[in-house]
Every structure is written in C-alpha cells, then in structure tokens.
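Residue numbers (the working numbering), protein chains in the order written: chain V, 509 to 636; chain Z, 86 to 202.
Right, one structure below, let's go through it.
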C-alpha cells in the first residue's frame, strides 16, 4: 500500500517536489548539447587560426553567433543542473548546502549572461 | 563485478564537474574576443601558458568522455542495455570510443598543426 496521496502520485513530484522536472531538463539539455558541443569542437579545430581577426570573422556570422549563444545558455543550464546534484549529494548541513546552491545559481546566471553579451557584442560589430 | 559500471558512473560525474569549471574559461575567452584585439592579446598571454595547455588537455579528455558516457545514459533512459553484461560491455565501449575521440583531437591539434595566433 502506498502512503502517497492520489494527487501526489499524479504530479509525480516526490519529496523534493520537482524531481521529475529536474530529470527531464537534464535529459533535454543533454540531447541539445550533443550537436552543439560537437559543432563547437569541430569548428574550433577547423578554424585556420585562433587570432583575433579570424575569430571576429567567424563569430560575426549569424549562424555562429546563434549556435554560440545556444551553447552558452544550454551549457550553463546543464552545468547548473549537474553541479546542483553533486552539491545535494556531498554537501551536508542545511546552511552550507543552501549557500552553495545560491552561489552556484548566481554564478551560472552570470556566466550565461556574460557569454551571451560577448557573442552579441561581436555579432553586432562592436568588438572592432 | 559492478566496478566497471561504478567507475564509469563516477567518472561521468567527475568529468561533468570538470567541464563546469571549463565554462568560466569559455566565457572569459568570449569576453576577451569581444573586448577587442588589445584585450584579446592580454588574455592570450594567460590562455597560452603551459598550465592553460594542461587545462585544455584535461578538458578535451573530460569532454570526450562526458559526451560518450552521456550518450550511454540517454540509451539507458530509453530502457535499453540495462542488463549487467550489457552495461559492462558498454562501459568498455565508452572508454574505447573516448580514447579514439581524444586521439582524433590530439592528431588534429598537434600533428596537423595550426598557425600561431
């Protein structure tokens, strides 16, 4: 016999309230990151040089800018989900755990915003 | 004999955390490009040190492993290949494919070569 309420079973939330959503987002971001990261690695390896002018020319293409923004955003989201689980597993004590999760959340949002800003700045031709 | 599957699972987590630490590096590099030729030249002094090269080598290995091991997890999520013998075999497949990917990238980076920036 299950002690869970019928509503709880339908929502499938579990004790952490949003386990299913976390699990699903981790999978969605994994799937998206397969083509994004492979594209990024292959592109970097294929660039004739990593000089500034070459990178500006590469990042000024709309397709490059769009894919780089997706890479940074989806990568930061996937990273945040993964590191969160590691903290939840290994950091004990409510205070330390909450503080870690807050800092990890802030750090990832900052990285996502900074990465997106940098790509857009180059794409809009403001990085001479 | 579950130590292969145990080791590959822990390694997936470990490489994931390593790649998370690579994210600030990626963003720093993008910000340096966006800052213009002068800021990029300054950043490249840091980004081309032997220590940085070592970090890239670690990130290349971590990326290849996490990619392949992640695909294995996605296969598991569909309910396939969960039997003990299958997961032990796939653990070896993950390691083999990772080694091949790393060697391909090393070959491209160090032997085909590239003009210095």
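All residues carry an ideal CB built from backbone N, CA and C; glycine is no exception.
Predicted model only: the values in this text are computed from it and were never measured.
- The alpha carbon of residue 110 of chain Z has as its nearest neighbour, out of V:635, V:566 and V:616, the alpha carbon of V:616.
- Exclusion of the five residues before and after residue 547 of chain V leaves 575 as the residues of its chain whose Cβ lies within less than 7 Å of its Cβ.
- A direct Cα-Cα distance of roughly 5 Å separates residue 147 of chain Z from residue 100 of chain Z.
- Excluding residues up to 5 positions away in sequence, 577, 580 and 581 lie with their Cβ nearer than 8 Å to the Cβ of residue 624 of chain V in the same chain.
- CA-to-CA, the gap between residue 600 of chain V and residue 587 of chain V works out to about 20 Å.
- Collapsing the DSSP output to three states places residue 559 of chain V in coil.
- Against chain V, the CB of residue 196 of chain Z has no partner CB under 8 Å away; the residue lies outside that interface.
- Contact annotation for residue 630 of chain V against chain Z: 115, 118 and 119 [CB-CB distance below 9 Å, chain order].
- Distance check between residue 187 of chain Z and each of Z:164, Z:89 and Z:141 places Z:141 closest, using alpha-carbon atoms only.
- The residue among V:596, V:537 and V:633 with its C-alpha nearest the C-alpha of residue 612 of chain V is V:596.
- In this structure, the alpha-carbon of residue 129 of chain Z lies about 54 Å from that of residue 516 of chain V.
- C-alpha of residue 545 of chain V to C-alpha of residue 180 of chain Z: approximately 19 Å in a straight line.
- A straight line joining the alpha-carbon of residue 150 of chain Z with that of residue 104 of chain Z spans about 11 Å.
- Distance from the CA atom of residue 182 of chain Z to the CA atom of residue 549 of chain V, rounded to whole angstroms, is 16 Å.
- Contact between residue 125 of chain Z and residue 118 of chain Z holds: their C-beta atoms lie close to 6 Å from each other, under 8 Å.
- Taking 8 Å as the threshold, the shortest C-beta distance from residue 560 of chain V to chain Z falls below it.
- Residue 88 of chain Z: member of the alpha helix (DSSP H) spanning 88-119, first to last residue.
- Here the C-alpha atom of residue 559 of chain V lies approximately 12 Å from the C-alpha atom of residue 552 of chain V.
- Under the three-state reduction of DSSP output, residue 600 of chain V falls in the coil class, being neither helix nor strand.
- Membership of residue 150 of chain Z in the alpha helix (DSSP H) is indicated by the continuous run 135-162.
- Check the Cα spacing between residue 607 of chain V and each of V:513, V:567 and V:592: the tightest is with V:592.
- Taking all protein chains shown into account, residue 603 of chain V has fewer than 16 neighbouring C-beta atoms within 10 Å of its C-beta and is therefore exposed.
- Selection Z:158, Z:174 and Z:196 evaluated against residue 532 of chain V yields Z:158 as nearest (Cα-Cα).
- Remark: C-beta atoms of residue 89 of chain Z and residue 171 of chain Z do not approach each other more closely than 8 Å.
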